[in-house]
Amino acid sequence: MLKHLVDYAEKQRLPGPGFGPKAARWAICFSEDGRFLSVIEIGDVESKRNPGREFMWAPDLSQSELVSGPADEKRCHFLIESADVVALHVRDEPDERVLMKHDYFLRLLRGVSEIMPELAAVADALADSDTLAQVREQLGEQGARDTDKVTIRCGDSFPVAEDRWHAWWRQFRASLASEDEDAVFFCDLITGDAVVPAATHPKISGLASVGGQPSGSSLVSFDKDAFTSYGLDQSANCAVSEATATAYCSALNHLLQHNSRRLGNMMLVHWFKERVPAEDNPLPFLIGTDEEHELNAQERARELLEAIHTGERPDLGQNYFYAMTMSGTGGRVMVRDWIEGQFETLLANVLMWFGDLEIVHRRGGGYAPPPKFMAVIGATVRDLGDAPAPFINSMLRSALHGDPIPRAAMAKALQRVRLDIIGDETPNHARMGLLRAYHVRNSRMRGDDVMSEATTPYLNEQHPSAAYHCGRLMAMLAGLQRRALGDVGAGVVQRYYAAASTTPALVLGRLTRTSQFHLNKLDPGLAHWYESKIGEVYGRLGDDIPKTLTPEEQSLFALGYYQQLVDLRTSKKTTEDAEGESKDE
20 MLKHLVDYAE KQRLPGPGFG PKAARWAICF SEDGRFLSVI EIGDVESKRN PGREFMWAPD
80 LSQSELVSGP ADEKRCHFLI ESADVVALHV RDEPDERVLM KHDYFLRLLR GVSEIMPELA
140 AVADALADSD TLAQVREQLG EQGARDTDKV TIRCGDSFPV AEDRWHAWWR QFRASLASED
200 EDAVFFCDLI TGDAVVPAAT HPKISGLASV GGQPSGSSLV SFDKDAFTSY GLDQSANCAV
260 SEATATAYCS ALNHLLQHNS RRLGNMMLVH WFKERVPAED NPLPFLIGTD EEHELNAQER
320 ARELLEAIHT GERPDLGQNY FYAMTMSGTG GRVMVRDWIE GQFETLLANV LMWFGDLEIV
380 HRRGGGYAPP PKFMAVIGAT VRDLGDAPAP FINSMLRSAL HGDPIPRAAM AKALQRVRLD
440 IIGDETPNHA RMGLLRAYHV RNSRMRGDDV MSEATTPYLN EQHPSAAYHC GRLMAMLAGL
500 QRRALGDVGA GVVQRYYAAA STTPALVLGR LTRTSQFHLN KLDPGLAHWY ESKIGEVYGR
560 LGDDIPKTLT PEEQSLFALG YYQQLVDLRT SKKTTEDAEG ESKDE
């Protein structure tokens, strides 16, 4: 996993040690000869909460580097710092700490002057009290706070966006590190090189919404005795160099910022070994927005898979995908799952996921639209926030890796379906599709092709399960009552569905006998139609109506009920014709 993250960092040319992405909201503008010109806001200036302009390769000192100087020195960052440090922009008089950091900032500007002489002129201007007063006045007029990040602009360019100072900065950081004559070399677990391991690793940001710290969480940390071995301290237990540690952290931070999705209480990041055009990425097909679904995700995935098989897209056929789910737990990153595989396999699994979830639309006339991944998760709970991360993770593995659908998914969906039916709520396509997918996929993986092929998206009158036909019978009896009595409030379904779906032999026989009363209220043609349909279902059941049903069988009962109900709705014209023929006679 870490090796793939390091490879990603190299391909994306992400910042190495001593560099990192930083945003500045304000720019203090100078002429090339060091005259102060103005203060301007940069970034998304139309936004009420302008985060500022991001500079990918901004200079960055670690916390240990910032605090390890001599007592008479207060270090600060280079080129991007807070307004109080750069311009002494504070409400009252600046304290000694701020003044010392301001002096250090100017010292850094002068230190790079051999390479960028314009920065020495800027340092002289920022050392002048009159110039500082002008800068502070303009910062105040524009509403800048003392903690807002500020950078420098010389002429038309931002020095922080250039690379002329990079080599100097690397040498400067090296001068801050004290030589350790007793340093021990270890084998870097990622590169295999002999290195002095980094004592601590950078933090991972972007997990605050899923349990992490706002200041960042550690993916690799050993801050308890139980986490150490062989007398090693801190990250020597996972020996990687500073450059390697920075690379994997930069990669993960970049993915969280630019290519992540929140799924419940965890984050999903994914990437590919080689670049994949956005329109060919299968993950948005699965977890995308409604607009993305309008592009017919299934058809696009099918086209890509066909292109791989015919050799039209060898770039995709030889590619690999990587996916990682994680949450934060205090100061640590919790990796919940790691999935990798061929791009072709990912496409096939996404297509299989959609295919297994196919279900007839509740109004008939075709299949329901394919549900988004989180809609499937939402089909199992009352509120999406109630879905636990481990459950979401196991469902994601089913979708991406082709694993069996967890039994818990079937049980949760079945409970919600039962409540919908008893409460006379509109059937939920994702719930019904999930019940079907559970049986189709898990039967297929057990080698039970009969059950897998028989559990179709639409009504199958030849289904091998007695429980399925019990559900069909329940739908027929409920439809018969509605045609005979109209809306009578709590009908057969509301009163008897729960009992019929668990103990069908006890309930369905009694309801069938009662149905004779309802048949007598219908016109002969319509009564004959219902009688023959009910007889057909009994013909499939025979004399052996199950006494009790397991949860799996109850889900087939629900599926049979739903599909028969849809079939009755689409057969309305047939029943009307039967009724019309009766009147003609």
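Numbering (our numbering), first residue to last: 20 to 604.
Glycine included, each C-beta is placed from N, C-alpha and C at the ideal position.
Keep in mind that this is a model prediction, so the values were computed, not measured.
**Report entry** Among 432, 464, 304, nearest to residue 388 - alpha-carbon criterion
**Finding:** 304
Report task. For my contact list, residue 35 and residue 180 are in at a C-beta cut-off of 8 Å; report their separation, rounded to the angstrom. Result -> Their Cβ separation, rounded to whole angstroms, is 17 Å, which puts residue 35 and residue 180 out of contact at 8 Å.
Query raised in the report: Around the C-beta of residue 76, are 16 or more other C-beta atoms found within 10 angstroms, so that it is buried, or is it exposed?
Result: buried
Query - Exposure label - residue 124; buried when at least 16 CB within 10 Å - result: buried
**Report entry** DSSP bridge partner residues for residue 108 (one or two, in chain order)
**Finding:** Residue 108 is not bridged to any residue.
Report task. Indicate the three-state DSSP secondary structure (helix, strand or coil) for residue 421 in the structure shown. Result -> coil
Query raised in the report: Which residue's Cα is closest to the Cα of residue 335: 365, 581, 250, 182?
Result: 365
Query raised in the report: Which residue spans inside the stretch 233–285 form an unbroken beta strand (DSSP E) run of at least 3?
Result: 279–282
Report task. Could you check the C-alpha separation between residue 440 and residue 262 for me, to the nearest Å? Result -> 59 Å
Query raised in the report: Taking all protein chains shown into account, do 16 or more other C-beta atoms lie within 10 angstroms of the C-beta of residue 95, making it buried, or fewer, making it exposed?
Result: buried
**Report entry** Unbroken alpha helix (DSSP H) run spanning residue 188, endpoints
**Finding:** 185–195
Report task. Between the Cα of residue 395 and those of 370, 432, 416, spot the shortest distance and give me the residue it belongs to. Result -> 432
Report task. Determine the extent of the beta strand (DSSP E) in which residue 56 is found, giving its start and end residues. Result -> 55–60
Query raised in the report: In three-state terms, what does DSSP make of residue 406?
Result: coil
Report task. Consider the C-beta atom of residue 50 and the heavy atoms of the ligand GTP; say whether any pair is separated by less than 7 Å. Result -> Among the components of this structure there are no ligands whatsoever, and the ligand GTP is therefore not found.
Query raised in the report: Hey, quick one: how far does the beta strand (DSSP E) through residue 78 stretch, first residue to last?
Result: 72–78
Query raised in the report: Going by Cα to Cα distance, which pick from 534, 273, 472 is closest to residue 554?
Result: 534
Report task. Find out if the Cβ-Cβ distance for the pair residue 530, residue 496 is shorter than 8 Å. Result -> yes
Query raised in the report: To the nearest whole angstrom, what separates the beta carbons of residue 144 and residue 49, a pair I think is in contact under 8 Å?
Result: 6 Å
Query raised in the report: Is the beta carbon of residue 4 less than 8 Å from the beta carbon of residue 51?
Result: Residue 4 lies beyond the range of the chain shown here (20 to 604); nothing can be said about it.
**Report entry** Selected residue, minimal CA-CA separation from residue 202, among 192, 208, 216
**Finding:** 216
Report task. Taking 8 Å as the cut-off, decide whether the C-beta atoms of residue 351 and residue 224 are in contact. Result -> no
Query raised in the report: Grouping DSSP H, G and I as helix and E and B as strand, with all else coil, what is residue 310?
Result: Low confidence applies to residue 310: its pLDDT is 44, below 50, so where it sits in the model is not reliable, and the reading given next is rough at best. Helix, per DSSP.
**Report entry** Exposure of residue 357, with buried meaning 16 or more beta-carbon neighbours within 10 Å
**Finding:** exposed
Requested in this report: Report the rounded CA-to-CA distance for residue 329 versus residue 409, giving the unit in angstroms.
Outcome: 38 Å
**Report entry** 7 Å Cβ shell around residue 88 - same chain, five flanking residues per side excluded
**Finding:** 94
Query raised in the report: Do three or more CB pairs link the stretch 467–475 to the stretch 558–569 at distances below 8 Å?
Result: no
Query - residue 133 (DSSP reduced to helix, strand or coil) - result: coil
Requested in this report: Find out if the Cβ-Cβ distance for the pair residue 612, residue 43 is shorter than 8 Å.
Outcome: A query on residue 612 cannot be resolved here, the shown segment of the chain reaching from 20 to 604 and no further.
Query raised in the report: Which class does residue 93 belong to by DSSP, given the choice of helix, strand or coil?
Result: coil
Query raised in the report: Which partner residues does residue 99 have in the DSSP bridge list?
Result: 170
Query raised in the report: Can you pull the DSSP bridge partners for residue 346?
Result: 353
Query raised in the report: Going by C-alpha distance, which of 462, 100, 241 is nearest residue 256?
Result: 241
Query raised in the report: Which residues in the same chain as residue 521 place their Cβ atom closer than 7 Å to its Cβ, once the five residues preceding and following it in sequence are excluded?
Result: 567, 568, 573
Report task. Report all residues from its chain with a CB closer than 8 Å to the CB of residue 130; omit the five preceding and five following residues, and keep chain order. Result -> 187, 191
Report task. Give every residue of the same chain whose Cβ lies closer than 8 Å to the Cβ of residue 607, excluding the five residues on either side of it in the sequence, and list them in chain order. Result -> Residue 607 is absent from the structure shown; the chain starts at 20 and stops at 604.
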